[in-house]
Amino acid sequence: MSRKCTRLVALGRRQFLQGGAVAAAGATALAVPVPAKAAPAGARLDYPSTRLANVAELTVDQPLDVLYPDADAPGVLLKLGQPVEGGVGPERDIVGFTVICPHKGYPMAYVAEDRSMNCPGHYSRFDVEKGGQQIWGQATANLPQYILRVDDKGDIHAEGLDELLYGRLSNVL
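What follows is the structure in structure tokens.
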């Protein structure tokens, strides 16, 4: 390679690397979201405490339709008949989940035979006995599970979610 060609190659590399660094810095600056109002350190989202049902209204493996944390968030309460992860109630067998798939927002259905929530869109499946853990499919997140409590009258209250609802920047609008 001639001396002139070697200098052009070195100059080309240098310009390429400098241009790449500038482009990366610009892309980083554009990609970093700037919140309109910064939340204080350690801030937590306050979910509404909402009565969803009473223990007496539930039947084993029969989903009860509910809405939480608002009217635009469909979900179900399930009585599974045996203690499970995140279960509440006298038998620690009551759980609640959103029925909107975290992958693309399709409405899901409960399948009692294998205790899973199944998505008809891309076939994601979630284990309701294991906190909504994904067991199959395209989803990259587990199914949002309600944080529940049962009061002394048997009323079931939702007090939060453990994952982000599909399509939202915040679970509480």
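The opening position of the sequence shown corresponds to residue 39 in the working numbering, with each subsequent residue numbered one higher.
Glycine included, every Cβ here is placed at the ideal spot set by N, Cα and C.
Within 10 angstroms of its Cβ, does residue i collect 16 or more other Cβ (buried), or is it exposed?
{"i": "R206", "result": "exposed"}
{"i": "P182", "result": "buried"}
{"i": "R89", "result": "exposed"}
{"i": "P86", "result": "exposed"}
{"i": "V98", "result": "exposed"}
{"i": "N209", "result": "buried"}
{"i": "G198", "result": "buried"}
{"i": "E167", "result": "buried"}
State the start and end residues of the unbroken beta strand (DSSP E) segment that holds residue i.
{"i": "R89", "result": "T88 to N92"}
{"i": "V114", "result": "P112 to K117"}
{"i": "L199", "result": "D193 to L199"}
{"i": "R163", "result": "R163 to D165"}
{"i": "Q172", "result": "Q171 to W174"}
{"i": "V210", "result": "Where V210 is concerned, there is no enclosing beta strand (DSSP E), given that its DSSP letter is neither H nor E."}
{"i": "L202", "result": "No beta strand (DSSP E) contains L202, which DSSP labels as neither H nor E."}
{"i": "V104", "result": "L102 to L105"}
{"i": "L186", "result": "Y184 to V188"}
Near residue i, what residues of its chain come up, given a Cβ to Cβ distance below 6 Å and the 5 sequence neighbours on each side ignored?
{"i": "G124", "result": "V133, G169 and Q183"}
{"i": "P101", "result": "V114, L116 and Y148"}
{"i": "D193", "result": "R89 and N92"}
{"i": "Q171", "result": "D165 and N180"}
Quick one: what does DSSP say residue i is sitting in, helix, strand or coil?
{"i": "V122", "result": "coil"}
Below 7 Å CB to CB, which residues in the same chain sit around residue i once its five sequence neighbours on both sides are set aside?
{"i": "Q120", "result": "D131"}
{"i": "Q176", "result": "H141, H160 and S162"}
{"i": "A111", "result": "L105, T136 and L203"}
{"i": "R187", "result": "V126, H195 and E197"}
{"i": "L96", "result": "L102, L115, K117 and I132"}
{"i": "A150", "result": "D99"}
{"i": "L139", "result": "The sequence shown places Cys at residue 139, not Leu. Same-chain partners within the cutoff: M146, C157, G159, S162, A177 and Y204."}
Can you give me the Cβ contacts of residue i inside the same chain, cut-off strictly under 8 Å, excluding the 5 residues immediately before and after it?
{"i": "I173", "result": "S154, R163, F164 and D165"}
{"i": "A94", "result": "G192"}
{"i": "Y144", "result": "I138, C157, P158, G159 and H160"}
Exercise for the section: Output the residue ranges of the beta strand (DSSP E) runs that lie fully inside the stretch 130-161 and measure 3 residues or longer, sorted by chain position. Expected result: Entirely contained in the stretch 130-161, the beta strand (DSSP E) runs reaching 3 residues are, in chain order, 132-136, 147-149 and 154-156.
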